[in-house]
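Residue numbers (the numbering used here): 2 to 336.
Heads up, the beta-carbon is just placed ideally off N, CA and C, and yes, glycines get one too.
On a predicted model such as this, the values are computed, not experimentally measured, just so you know.
Below: the structure, in structure tokens.
Next up, the structure:
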């Protein structure tokens, strides 16, 4: 639009017509009107988008309120009380196991990162020491050569000073040429010493490289250990006959769950309570986790060379942990 206005004004000037102030104001008015119309359209679109989000949020809030109302009505029935307590206690056991697995995975990843970073720094220091040793060797040789040339130069200058008389003219000229040639060699050797000293200073001051993250093998090792730990947790719950019940509590609503009579619900709650205490207080059996990890490593296969999560069918007994995503294990695995 601005280009068109400019062409029109140029055409009017060529035709001998001057552009009046009123025309300029009119053009500016239309331009401002177009800009305001664009801004108004954008604001209107933003308003509709926010209204849509508000409707979605109102719908979500309404559904939550309906669920709470249904739960209140459900809990108002005494015969459902023990079942509900057992249900939510089983869910608490799932969260406790999931939290324990997440803590284990976080700590293991930190330890693996520390090991790899330490190894990276060790290799960097070893390589830098080799470079410094090579530079020091060259620097020593360069300094010895420079000292030798300077000593020879001083002796030659003393000899030149002692060659008096016209009969030593040719000897003096030859010795002077030798001194001049040696001076160039001295300058070159001193320049080499300076260059080597600067190179050594740069090598000594070189900062260590940044850590780019865990290696592929490191992430695979962490993931196998996490899967082994999840398997150990599953076995601990299975020994208390709770692993399936805990899993089902995450897949079903409380209304669809059934745990038998009041006495059976109480027995489940007692076992679940002991299990949660055990998960929160008992130390991990790291030897058992290591043995499980070694077993998994022998059979683990991956979909591709860059994959870090093993195929669940290659893990034999542990495949259920991945297949059923026990303790939200996939959330803790490194990619």
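Can you give the beta carbon distance from residue i to residue j, rounded, assuming they're within the 8 Å contact cut?
| i | j | result |
| --- | --- | --- |
| residue 234 | residue 101 | 7 Å |
| residue 337 | residue 294 | With the chain running from 2 to 336 in the structure shown, residue 337 is simply not present. |
| residue 203 | residue 137 | Contact doesn't hold; Cβ gap of about 14 Å is too wide. |
| residue 307 | residue 217 | 7 Å |
| residue 94 | residue 247 | 5 Å |
| residue 335 | residue 110 | 6 Å |
| residue 117 | residue 215 | 6 Å |
| residue 210 | residue 121 | 7 Å |
| residue 313 | residue 320 | 4 Å |
| residue 285 | residue 105 | 7 Å |
Starting from the Cα of residue i, find the closest Cα among the options and give me that residue.
| i | options | result |
| --- | --- | --- |
| residue 188 | 219, 216, 143, 171 | 143 |
| residue 180 | 140, 204, 152 | 152 |
| residue 230 | 256, 296, 246, 212 | 296 |
| residue 90 | 292, 194, 268 | 268 |
| residue 317 | 212, 305, 232, 306 | 232 |
| residue 124 | 170, 212, 217, 50 | 212 |
| residue 191 | 170, 167, 176, 140 | 140 |
| residue 112 | 228, 219, 264 | 219 |
| residue 257 | 37, 88, 62 | 88 |
| residue 263 | 62, 82, 28, 46 | 82 |
| residue 240 | 65, 199, 276, 304 | 276 |
| residue 145 | 44, 177, 119, 194 | 194 |
| residue 148 | 170, 175, 184 | 184 |
| residue 92 | 27, 251, 69 | 251 |
| residue 69 | 44, 43, 254 | 254 |
What residue does the alpha helix (DSSP H) around residue i start on, and which one ends it?
| i | result |
| --- | --- |
| residue 244 | 244-252 |
| residue 235 | 217-240 |
| residue 317 | Where residue 317 is concerned, there is no enclosing alpha helix (DSSP H), given that its DSSP letter is neither H nor E. |
| residue 170 | 170-206 |
| residue 274 | 263-282 |
| residue 301 | Premise fails: residue 301 is in no alpha helix (DSSP H) and is neither H nor E. |
| residue 88 | 82-163 |
| residue 330 | 330-333 |
Residues in the same chain with beta-carbon distance under 8 Å from residue i, minus the five sequence neighbours each way, listed in chain order, please.
| i | result |
| --- | --- |
| residue 332 | 103 |
| residue 158 | 180 |
| residue 259 | 84 |
| residue 2 | Its pLDDT being 47, under 50, residue 2 is placed unreliably in this model, and the value from its coordinates should be taken loosely. Excluding sequence neighbours, residue 2 sits near 32, 35. |
| residue 86 | 266, 270 |
| residue 67 | none |
| residue 186 | 150 |
| residue 288 | none |
| residue 198 | 140 |
| residue 176 | 157, 160, 161, 164 |
| residue 272 | 241, 242, 243 |
| residue 274 | 90 |
Please list, in chain order, all residues of the same chain as residue i whose beta carbon is under 6 Å from its beta carbon, the five residues on each side excluded.
| i | result |
| --- | --- |
| residue 244 | 235, 238 |
| residue 329 | 99 |
| residue 249 | none |
| residue 8 | Legend: pLDDT at residue 8 = 49, less than 50; position of this residue unreliable, value from coordinates given subsequently. So no residue of the chain qualifies. |
| residue 40 | none |
For residue i, I'd like the list of residues in its chain whose CB is within less than 7 Å of its CB, leaving aside the five on either flank, ordered along the chain.
| i | result |
| --- | --- |
| residue 315 | 300, 301, 302 |
| residue 129 | 204, 207 |
| residue 173 | 161, 164 |
| residue 281 | 97 |
| residue 322 | 228, 231, 232, 235, 330 |
| residue 298 | 225 |
| residue 4 | Residue placement at residue 4 cannot be trusted, given a pLDDT of 46 that sits under 50; the coordinates are not used to answer. |
| residue 291 | none |
| residue 126 | none |
Would a check of beta-carbon distances place residue i closer than 8 Å to chain C?
| i | result |
| --- | --- |
| residue 50 | Absent from the structure: chain C. Only one protein chain is present. |
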